[in-house]
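J.: Supplied in structure tokens, the structure appears directly below.
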Amino acid sequence: MSNSEQTISDRIQQKLDDLTRAERQLAHSILENYPASGLGPLTALAKDANVSAPTVARMVQKLGYKGYSEFQAELREELKAKAKDPIAKHDAWAEGVPSEHMLNRFTDAVIDNIRHTLGHIDPELFDLACSMVAAPKSRMYIVGGRITHTLAEYLFLHMQVIRPEVVHIQSTSNAWPHYLLDVKEGDVFVIFDMRRYENNTLKLAEMAHKKGAKLILFTDQWRSPIHRLADISFSSRIVVPSAWDSAASTLLLVETMISTVQNLCWGDTKDRAEELEKMFDQTRLFRKFT
């Protein structure tokens, strides 16, 4: 599956309004454990969703597939892509190296990822997520994984200035359960979880959800298992001509969130930023040329 193609999840979400009640029930059942949910026999999928076998056949055709076997074949390809490690991903990419310079090829892939990502973002949901993050009465927790901790730290450093009560949890640390002691109902967790999804991050999300926290998830096109718990999920396209995935699309969403929340909180943010600058002056942390 190339990075320019839609996933089956994309197709289902785009077609939801055109499906019958039974087909929508089936669609939601597939998405609950996607993409593994459709890997068994057609009859098993129908039974799990409590619909008839003809309902499965009809919906598969509405998604653009000739039959259930073609639908399953694409699901298997998605599952392979979801589980690829860096070496396997590089080998798959190197089979057909274009002649253009890497700067152009990589940039083209990133731009395509950004366009596809933005095309699937609901502006109202994005605004709602920003409002949740800006809410002054709720504590904000930010969580990343082995690689995505860099995105989490980037968001954390900005949010520290923008608003009070911001906590950065490192899920790779054995001490992360300590942070959950003070979580209250209505607190907001921003969680980053990309493919090769991490067990620690999932367990943390489950425990935070159980305590009544609101979850905002940044994930990839295949979606972390945490999406089933999240109040709001943002899926970014991440595939580029590299052994590693790209964070560019996700970073764009993060920086847009920072800008939006800053505007929502500007009165308090301005005071906090001015106080921070005074402390920088006292510590002589930065050079001044005037």
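Going from the sequence shown to this note's numbering is simple: count from 1 and add 1296.
Think of the CB as a built atom: it goes at the ideal place given N, C-alpha and C, for glycine as much as any other residue.
Everything numeric in this text was worked out from a predicted model, so none of it was measured.
#1: If you run the structure through DSSP and keep just helix, strand and coil, what is residue 1330?
#2: Just to check my reading of the structure: residue 1511 and residue 1489 have Cβ atoms closer than 8 Å, yes? What is that Cβ distance to the nearest angstrom?
#3: Considering only C-alpha positions, which residue in the set 1538, 1582, 1506 is nearest to residue 1526?
#4: Is residue 1461 near the ligand HEM, judged by its Cβ being under 7 Å from some heavy atom?
#5: Let me confirm a value: residue 1304 is counted as buried when at least 16 other C-beta atoms fall within 10 Å, else exposed. Which label applies?
#6: I want to know whether the stretch 1431-1440 touches the stretch 1475-1484 - three or more CB-CB distances under 8 Å.
#7: Is it true that the CB of residue 1544 sits closer than 8 Å to the CB of residue 1329?
#8: Cβ atoms of residue 1340 and residue 1351: under 8 Å apart, would you say?
#9: Skipping 5 residues on each side, what residues in its chain have a beta carbon closer than 6 Å to that of residue 1556?
#10: Between the Cα of residue 1541 and those of 1574, 1465, 1360, 1515, spot the shortest distance and give me the residue it belongs to.
#11: Residue 1293 to residue 1539, Cα distance in whole Å?
#12: Please classify residue 1442 as buried or exposed, where buried requires at least 16 neighbouring CB atoms within 10 angstroms.
#13: Where in the stretch 1439-1520 do unbroken runs of the alpha helix (DSSP H), each at least 4 residues long, occur, reported from the N-terminal end onward?
#14: Figure out for me which residue from 1491, 1560, 1562, 1530 has the closest Cα to the Cα of residue 1547.
#15: Taking 8 Å as the cut-off, decide whether the C-beta atoms of residue 1484 and residue 1428 are in contact.
#16: In whole angstroms, what is the alpha-carbon distance linking residue 1417 and residue 1309?
#17: With DSSP as the reference, identify every bridge partner of residue 1529, one or two as the case may be.
#18: Spell out the partners DSSP gives residue 1437 in its beta bridges.
#19: Going by alpha carbons, who is nearest to residue 1360 out of 1401, 1335, 1532, 1307?
#20: Given residue 1450, which residues of its chain have a CB within under 8 Å of its CB, disregarding the five upstream and five downstream residues?
#21: Compute the Euclidean distance between the alpha carbons of residue 1402 and residue 1411, then round it to the nearest angstrom.
#22: Grouping DSSP H, G and I as helix and E and B as strand, with all else coil, what is residue 1578?
#23: Cα separation between residue 1493 and residue 1584?
#24: Taking the straight line between their C-alpha atoms, what separation do you get for residue 1448 and residue 1487?
#25: How far does the alpha helix (DSSP H) with residue 1309 in it reach, from first residue to last?
T.: Walking through what the data contain:
#1: coil
#2: Actually they do not touch by this definition, with Cβ atoms about 11 Å apart.
#3: 1506
#4: Annotation note on the ligand HEM: not contained in the displayed structure, which lists no ligands.
#5: Residue 1304 is buried by the Cβ-count criterion.
#6: yes
#7: no
#8: With a cutoff of 8 Å on beta-carbon distance, residue 1351 and residue 1340 are scored as not near each other.
#9: 1426
#10: 1515
#11: This structure leaves residue 1293 out entirely; the chain is present only between 1297 and 1586.
#12: exposed
#13: 1445-1458, 1472-1475, 1495-1506
#14: 1530
#15: yes
#16: 12 Å
#17: 1513
#18: In DSSP, residue 1437 forms a bridge with 1463, 1485.
#19: Measuring from the Cα of residue 1360, the nearest candidate turns out to be 1307.
#20: 1547, 1550
#21: 14 Å
#22: Residue 1578 falls in the helix class under three-state DSSP.
#23: 44 Å
#24: 8 Å
#25: 1304-1311
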